[in-house]
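A.B. asks: The number in our numbering is simply the position in the sequence shown, starting from 1, with 24 added.
Quick one: this structure, given as structure tokens, is what I'll be asking you about.
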Amino acid sequence: MKCKHCQLSFKQEQMIEKNGNYFCCKGCESVYEILRDNNLEEFYEKLGNQTLNPVTIEHVNKDYGKYIQKTKEGFSEIFLLIEEIHCAACVWLNEKILIKSEGVVEVDINSITHKARIVFDDKSINLAQIIQNIESIGYKASVYLPTKNEQRATQTKRDFYAKLIVAIACVMNIMWISVAKYAGFFSGMDADTKDILHFAEFLLCTPVLFYTGSVFYKNAYYALKFKNINMDTLVISGASLAYIYSIWAMFSRASQVYFDSVAMIVCFVFIGKYLELLSKKRALDTLDHLRSFLVSEVRVLKNGEIKNTDVEEVEIGDIIELKEGDKILIDGVCISGNVSLDVSSLSGESLPLDVQKNDVVYSASLVLSGNALYKANALYQDSKLARIITLLENSSTKKAKIEKMVQQVSRYFSPIILTCALLCFAFTFFVLNLGFEEAMVRMVSVLIIACPCALALATPVSSLVAISAGLKEKILFKEAGVVEDLSKCNIAVFDKTGVLTKASLEVKKHYLDETLDHNELVSFLSLTSHPVAKSILRFLNINQYDRIEFDKVENFQARGYKAFLGNDEWLGGNEKFLKENYIQTQSFENTHFIFAKNKVIMAVFELKDKIRDNSKELIDFLKNQKMQIYMLSGDNSFAVERVAKKLKISNYKASCMPEDKMQTIANLNQVGRVLMVGDGVNDTLALSYAGVGVSLKEGSELAMENSDIILLKNDLKSLQKATQIAKKTYQIIKQNLAFSLFYNALSMPLAFFGLINPLVAALSMSFSSIIVILNALRIKK
């Protein structure tokens, strides 16, 4: 007797009976009641004849709070790995049971990786309740970690490899038999020998169709179950029809058998799938390199002892020990010792970086030599390495506009092909009267030669390769769609300070009042991370000072900032800011900073910009690409004009507030696609309004968060490479789409009129997919 939930068979006396239903255990009984109470009994119809594992319900006692992130809307977001998912019905059930939970706002489960993104309101439901809801219906949930996903991908690759080996071994033997069989047609062969060869082909063909081809059957089954027709449906329909016909022909001795064609069809198409899998794997090689940093433990100094601690349990302020060969996973500051670091994984810098006391230690670095202790100043999930890996993992799931359009076309492609195949059979059998065998062969050829696969692969594989190629050049595309958007940009807008000019400025002139307390000046300058303040601190070169804590610090973007010390008011900023506060000052031609105490000017610094390396080359390159160039800056008109003349930029604006930059971007959006490059907090609005926002790694956290592309190398040459990659990618996508459409338009009539047999059709279909993949791989060059 079968259990009502898991559908496994047990003896009746071993089972639990309730209301006429039998269950193998209390877990299955509980799940059945949950589904019934939520009107989700449709799950059993979707499950069909498949079985499940008996349910073991565990109580959740783990603290997963540190894995929860906040969305821009203020909701909580968590990524979980749901185990025991067997099919699309399992995905459907989990999504339904979660979305019915009070407080769950959004659920998205990847049917391949079993990774679930869940957005919820923590005021209505907590994570423990969400996990209990998942486990209450018989599945297991845990926090998603990239290393687990990597193990799953490796297992998938092994399964594909085993099936491929079986297919190739069987096909090679079938080919030898086919050579003997076809040679016998010309030299003469008795019926018994012919029957033996046919039966040998049958034995070799069967594992290819049902073991190697199981992936096609499985995908086709789920597609039909949810009322879809895909490429796998076409392939396996054609192969199965030819296989069944060949069995009939073998036993009736009435006609030719096609076991060799069936085996080769499945083998060649599977090779295409395997190459697709490998191409995606190669495209993610750089991500795999970053993932190699993901060890589970670090050495933490606590109570005078070094203890191995899970990286997720490290808190801000913990002291971490570094030794030669260690991989750094968490950002921090060195407090003792010195080490030499390989930082090439993120910055691309080939020379080792020597780190001493008070130097910053970044994640994704490798300790080449030395020993040190450093204090963690971020949690693991907030470190640069973790954030970049998260962005990369999510980037390939966000589709480009052209890919969405192609997917809409692909949805109707397979049903049209199936209709054409049936019409081909009817036309050949009833109109041309060429017999059942010829009609069947032509129909199989039409089913197999049509390739929605090449059409569907044209965009995603190209985007995936582009993201990988970008990362190898230290360019991070946050989404696949950004590559397409960048290729279409015809207007480029740049911030000046920190982008076209170096973040570090040179102090050319300065004035310091005799009564000025240097401790007060340095402490005040340390309140901001603006490039001007940093440059002045470097110029003053005061390493030891008594830090003063100011009160009521207020920032005024693109102008300056204000702070109080007791009853004293401190101001720092440009001449416009001081005039707003009723302090008269002279006009300046260069970038400047004025420091005032109680309305009295105590210090003045005049600084000069250094043009960033490759700025001129980038501007010339973009002009050659027929792009309009604009420069927007919060700096004074003299400094902006001087940089504009050096770089030959005719469109520029000075003294821009953040709102001014945003409005300019909004106006330019009306006439073209805008690329905006900025690095500061005052560029955030403009970056979010632009078609494509670009920031440098040394820019503010807010700018990087609101940009679409991050230049990890802090080199404008990277933006030129990003533009070249984007344009090349879009060109190759169009080539792939054109080839796919031309291939199908040419091959379909040939198969319809019997000019191509099933074997040639399988080869053609596989080669069309391979050509698309190989063409996409050209982006790497």
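All C-beta atoms, glycine included, are put in the ideal place defined by N, C-alpha and C.
Would you mind sorting GLU339 into buried or exposed? The rule is 16 or more other CB atoms within 10 Å of its CB.
C.D. replies: Answer is exposed; the Cβ neighbour count stays below 16.
A.B. asks: Terminal residues of the continuous beta strand (DSSP E) containing TYR386?
C.D. replies: Neither: TYR386 is in no beta strand (DSSP E) and is coded neither H nor E.
A.B. asks: Quick one: give me the first and last residue of the alpha helix (DSSP H) that LYS804 is part of.
C.D. replies: Element bounds for LYS804: n/a, residue is neither H nor E.
A.B. asks: Using the C-alpha atoms, what's the distance from LEU377 back to VAL1?
C.D. replies: Nothing in the structure corresponds to residue 1, since the chain is present only between 25 and 805.
A.B. asks: Near GLN380, what residues of its chain come up, given a Cβ to Cβ distance below 7 angstroms and the 5 sequence neighbours on each side ignored?
C.D. replies: Correct list, in chain order: CYS358 and ASN362.
A.B. asks: According to the neighbour-count rule (16 or more other Cβ atoms, all chains shown, within 10 Å of its Cβ), is GLY808 buried or exposed?
C.D. replies: The question about residue 808 has no answer here: the residues shown for the chain are numbered 25 through 805.
A.B. asks: Which of helix, strand or coil does DSSP assign to VAL84?
C.D. replies: At VAL84, the pLDDT of 44 sits below 50, so the modelled position is not reliable and the matter cannot be decided from this model.
A.B. asks: Whose C-beta lies closer than 7 angstroms to the C-beta of CYS48 among residues of the same chain, with five residues either side of it excluded?
C.D. replies: If we look at CYS48 and ignore the five residues flanking it on each side, its Cβ neighbours are CYS27, CYS30, LEU32, PHE34, MET39 and PRO78.
A.B. asks: Short of 7 angstroms in beta carbon distance, which residues of its chain neighbour ILE689, apart from the five on each side in sequence? Order them along the chain.
C.D. replies: Around ILE689: VAL517, VAL698, MET700, ALA710, TYR713 and ALA714.
A.B. asks: Should ASN157 and SER125 be called a contact, given that it needs their Cβ atoms to be closer than 7 angstroms?
C.D. replies: A contact, by the Cβ cut-off of 7 angstroms.
A.B. asks: Taking 8 angstroms as the threshold, find out whether the segment 220-237 comes into contact with the segment 269-277 through three or more Cβ pairs.
C.D. replies: The segment 220-237 vs the segment 269-277: in contact.
A.B. asks: DSSP puts ASP350 in a beta bridge; with which residues?
C.D. replies: DSSP lists no partner for ASP350.
A.B. asks: Helix, strand or coil, according to DSSP, for LEU76 in the structure here?
C.D. replies: In this structure, LEU76 counts as coil in the three-state DSSP scheme.
A.B. asks: Mark PHE292 as exposed unless 16 or more other C-beta atoms lie within 10 angstroms of its C-beta, in which case mark it buried.
C.D. replies: So PHE292 ends up on the buried side.
A.B. asks: Would you mind sorting SER674 into buried or exposed? The rule is 16 or more other CB atoms within 10 Å of its CB.
C.D. replies: SER674 should be labelled exposed.
A.B. asks: For ILE198, I'd like the list of residues in its chain whose CB is within less than 6 angstroms of its CB, leaving aside the five on either flank, ordered along the chain.
C.D. replies: Answer for ILE198: GLU225, LEU228, ASP284 and ALA287, listed in chain order.
A.B. asks: Between which two residues does the beta strand (DSSP E) holding THR525 run?
C.D. replies: Premise fails: THR525 is in no beta strand (DSSP E) and is neither H nor E.
A.B. asks: In the DSSP assignment, what are the bridge partners of CYS358?
C.D. replies: BP columns for CYS358 point to TYR398.
A.B. asks: Can you say whether LEU743 is buried or exposed, counting buried as having 16 or more other CB atoms within 10 angstroms of its CB?
C.D. replies: Result: buried.
A.B. asks: Would ALA463 and SER487 be called neighbours here (beta carbons separated by less than 7 angstroms)?
C.D. replies: Result no, Cβ atoms of ALA463 and SER487 do not sit closer than 7 angstroms.
A.B. asks: Going by C-alpha to C-alpha distance, which of TYR754, SER148 and SER407 sits closest to THR483?
C.D. replies: That would be TYR754, whose Cα lies nearest to the Cα of THR483.
A.B. asks: With a CB to CB cut of under 8 angstroms and the five nearest residues on each side skipped, what residues in its chain are close to HIS83?
C.D. replies: Bear in mind that the predicted position of HIS83 carries a pLDDT of just 44, short of 50, making it too unreliable to give a figure here.
A.B. asks: Under the assumption that LYS12 contacts TRP594 (Cβ atoms under 8 angstroms), give the Cβ distance between them as a whole number of angstroms.
C.D. replies: Any answer about residue 12 is impossible in this case: the structure gives the chain only from 25 up to 805.
A.B. asks: Taking the DSSP output, what are the residues bridged to PHE144?
C.D. replies: DSSP output for PHE144 lists SER100 and VAL128 as bridge partner(s).
A.B. asks: Whole-angstrom Cβ separation of HIS737 and LYS512, contact assumed at under 8 angstroms?
C.D. replies: At residue 737 the sequence reads Lys, which differs from the His that was named. With 8 angstroms as the limit, LYS737 and LYS512 do not qualify as a contact, their Cβ atoms being about 24 angstroms apart.
A.B. asks: Measure the alpha-carbon distance for ASN781 versus ILE491 and round it to whole angstroms.
C.D. replies: Roughly 39 angstroms separates the two Cα atoms.
A.B. asks: For GLY328, name the three-state secondary structure that DSSP assigns.
C.D. replies: It is coil, neither helix nor strand.
A.B. asks: Once you ignore the five residues that flank PHE240 on each side, which residues in its own chain have a CB closer than 6 angstroms to its CB?
C.D. replies: Excluding positions up to five away in sequence, the list reads ASP256, VAL259 and ILE260.
A.B. asks: Starting from ALA690, trace the alpha helix (DSSP H) in both directions and tell me its first and last residue.
C.D. replies: Start and end: 682-692.
A.B. asks: Would a C-beta distance cut-off of 7 angstroms place ASP703 and GLY522 closer than the cut-off?
C.D. replies: Cβ distance < 7 angstroms, so ASP703 and GLY522 count as in contact.
A.B. asks: Using the three-state DSSP reduction, which class does ALA29 fall into: helix, strand or coil?
C.D. replies: A quick correction: the sequence has His, not Ala, at residue 29. Looking at HIS29 - three-state DSSP - the assignment turns out to be coil, as it is neither helix nor strand.
A.B. asks: At 3 residues or longer, and completely inside the segment 729-762: list those beta strand (DSSP E) runs for me, N to C.
C.D. replies: Correct list: 733-735.
A.B. asks: Would a C-beta distance cut-off of 7 angstroms place LEU122 and VAL128 closer than the cut-off?
C.D. replies: Contact flag set, yes.
A.B. asks: Would you identify the three-state DSSP class for LYS187, choosing helix, strand or coil?
C.D. replies: Helix at LYS187.
A.B. asks: Could you pull the DSSP bridge partners for ASN543 from this structure?
C.D. replies: None, per the DSSP bridge assignment.
A.B. asks: Looking at C-alpha atoms only, which residue of LYS745, VAL195, ILE161 and VAL624 is the closest neighbour of GLU641?
C.D. replies: The shortest Cα separation from GLU641 among LYS745, VAL195, ILE161 and VAL624 belongs to LYS745.
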